[in-house]
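Report on the structure given below.
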Amino acid sequence: MMSAKKILFVLTSHDKLGSTAGVTGFYLPELTHPLEQLENAGFSVDFASIKGGTPPVYGVELDDAVNAHYWHDETFQHKLAHTAALEQVDAAQYAAVLYVGGHGTMWDFPQSEAVQRVTREIWQHHGVVAAVCHGPSALVNVTLDDGSLLVAGKQVSAFTDEEEHIVQLEKVVPFLLSSKLQQQGAIIAGAAAWQDQVSVDGRLITGQNPQSAASVGKAIVKILQG
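Counting from 1, one number per residue, gives the positions in the sequence shown under full-length UniProt numbering.
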């Protein structure tokens, strides 16, 4: 039986920025800002990652008050250090899943059978599927039981090709996320770079960039409380 209150946050386990010497992982504000919205609304949130354990993180900007609040919280740090391996997660326990962004997701979300299973099961059991920034890379290969692509014909916001060029990683990432989603039939709703942009298409909630993270959390709350 799907819980009315539990929400699953999924994080990347990938820490290498392509063939460069750079490091990556999940982007902290895209975890903390939605988390604040959901916890303030009374929801319980569990963390999972592709491999389990402690996921790689960047964007630990502690002048961000929300980041600082969680980063210095022992309970949060314990949860982050002990994420469940996604393949072991029972999707039926959750009313919603949020795929947290960060460039690392581009390497391990799209091909993950666990990502595809959890997304499909939550969606087909009338749950909410949400993602922010590069998190929508989780949606790239998700098919439903009828063989259709989850994103086909749905409005989606994700890190734009323009934003990828601005951060000069367009030749590092395996593909350009918004273009890939569009190729799979998604209707891309993109705003100007670094603007808060969230698309809500039924139970599918997607945010374009870090600036959209809190708004994604608010949108999840609105649907689950409705």
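Note that the Cβ used here is the ideal one computed from N, Cα and C, for glycine as well. In this text the structure is predicted, and so the values were computed from the model without any measurement.
When the Cα of residue i is compared with those of the options, which residue comes out closest?
i: residue 191; options: 162, 82, 89 and 200; result: 162
i: residue 160; options: 111, 210, 91 and 30; result: 210
i: residue 151; options: 116, 175 and 171; result: 116
i: residue 219; options: 81, 34 and 18; result: 34
i: residue 91; options: 9, 207, 201 and 202; result: 9
i: residue 175; options: 64, 12 and 140; result: 140
i: residue 101; options: 208, 226 and 224; result: 208
i: residue 28; options: 196, 133 and 50; result: 133
i: residue 194; options: 180, 213 and 177; result: 213
i: residue 183; options: 171, 206 and 149; result: 149
Return the Cβ separation of residue i and residue j in integer angstroms, given the expectation that the two are a contact with Cβ distance under 8 Å.
i: residue 173; j: residue 103; result: 7 Å
i: residue 25; j: residue 56; result: 3 Å
Buried or exposed: where does residue i fall if 16 or more other Cβ atoms within 10 Å of its Cβ makes it buried?
i: residue 222; result: exposed
i: residue 144; result: exposed
i: residue 13; result: buried
i: residue 62; result: exposed
i: residue 112; result: buried
Could you check whether the region 87–97 touches the region 116–126, counting it as contact only if at least three pairs of C-beta atoms, one from each stretch, sit closer than 8 Å? The region 87–97, when compared against the region 116–126, does touch it at the 8 Å Cβ threshold.
Could you name each continuous alpha helix (DSSP H) segment of 4 residues or more that falls completely within the region 104–171, going from the start of the chain to the end? If we require 4 residues or more, the alpha helix (DSSP H) runs fully inside the region 104–171 come out as 105–108, 113–124 and 161–166.
Count Cβ pairs between the region 38–57 and the region 149–157 that sit closer than 8 Å; are there 3 or more? The region 38–57, when compared against the region 149–157, does not touch it at the 8 Å Cβ threshold.
Complete beta strand (DSSP E) runs within the region 37–93 (minimum length 3 residues, chain order): Annotation: the region 37–93 contains the following complete segments of the beta strand (DSSP E) (minimum length 3 residues), in chain order: 44–49.
Segment contact flag, the region 195–204 with the region 164–182, C-beta cutoff 8 Å, min 3 pairs: Output reads no: the region 164–182 does not touch the region 195–204.
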